[in-house]
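Those letters in the sequence shown? Residues 5 to 163, by our numbering.
A virtual CB, placed ideally from N, CA and C, is assigned to each residue, including glycine.
Report on one structure; see the data block that follows.
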Amino acid sequence: MIPDFVSDLRNVVGPDFLLWLPGVVGVVVDEDQRVLLQRRFAVGLWTPLSGILEPGEAAAAGVVREVAEETGVQVVVERLVAVTSSPQVRHGNGDLAQYLEIVFACRPAEAGQSPRVCDDESVEVAWFALDALPPMTERMRELIALVEKDEPQAYFAAP
């Protein structure tokens, strides 16, 4: 779902203006070393859970909200993993955007939560073993791999 503030901006600047938006990515790994993924309606590939922050929203609170909105799974944020920027993307509705991605390692708040599709962005949500990931971009695999490394410092691209 497109946040209201983005729709309001698009009404002013149109779809061809590149919007730079703050986003969060939650790489949720459970006690069985499975990662929670969604298969996005727009692209058909699997990804970690992600979304746009609302104005004034704290990043960690935003990732908790996004995971719950998309899967029904309640999570706890464990650590900041990376700060990256996405490639430019032209969405199915024609909007041009690029995202500052704040990537978090998360775990389920309670064991045994069953994910379900809770919005119109996903066609499937499921747990996958880290060594048996479904079709996804190499970039998404790299974000998951950063969580698997379990390093104490966050990753960022050096200038």
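As a quick exercise: from the options, pick the residue whose alpha carbon is nearest that of residue i.
| i | options | result |
| --- | --- | --- |
| D135 | Q157, E73, E152 | E152 |
| V39 | A109, V16, V68, P163 | A109 |
| P91 | E128, P59, A64, T141 | T141 |
| R83 | A149, I6, M144, D154 | D154 |
| T75 | V32, G48, T88 | V32 |
Look at the alpha carbon of residue i and the alpha carbon of residue j, and state the distance between them as a whole number of angstroms.
| i | j | result |
| --- | --- | --- |
| V80 | A113 | 5 Å |
| S54 | D20 | 23 Å |
| D36 | S118 | 14 Å |
| L22 | C122 | 29 Å |
| D34 | Q42 | 15 Å |
| P139 | P156 | 28 Å |
| V68 | D99 | 26 Å |
By DSSP, does residue i sit in helix, in strand, or in coil?
| i | result |
| --- | --- |
| A149 | helix |
| A72 | helix |
| F45 | coil |
| F9 | helix |
Bridge partners of residue i, per DSSP?
| i | result |
| --- | --- |
| V31 | A109 |
May I have a chain-ordered list of the alpha helix (DSSP H) segments no shorter than 4 residues that lie completely inside the region 42-129? The region 42-129 contains these whole alpha helix (DSSP H) runs: 63-75.
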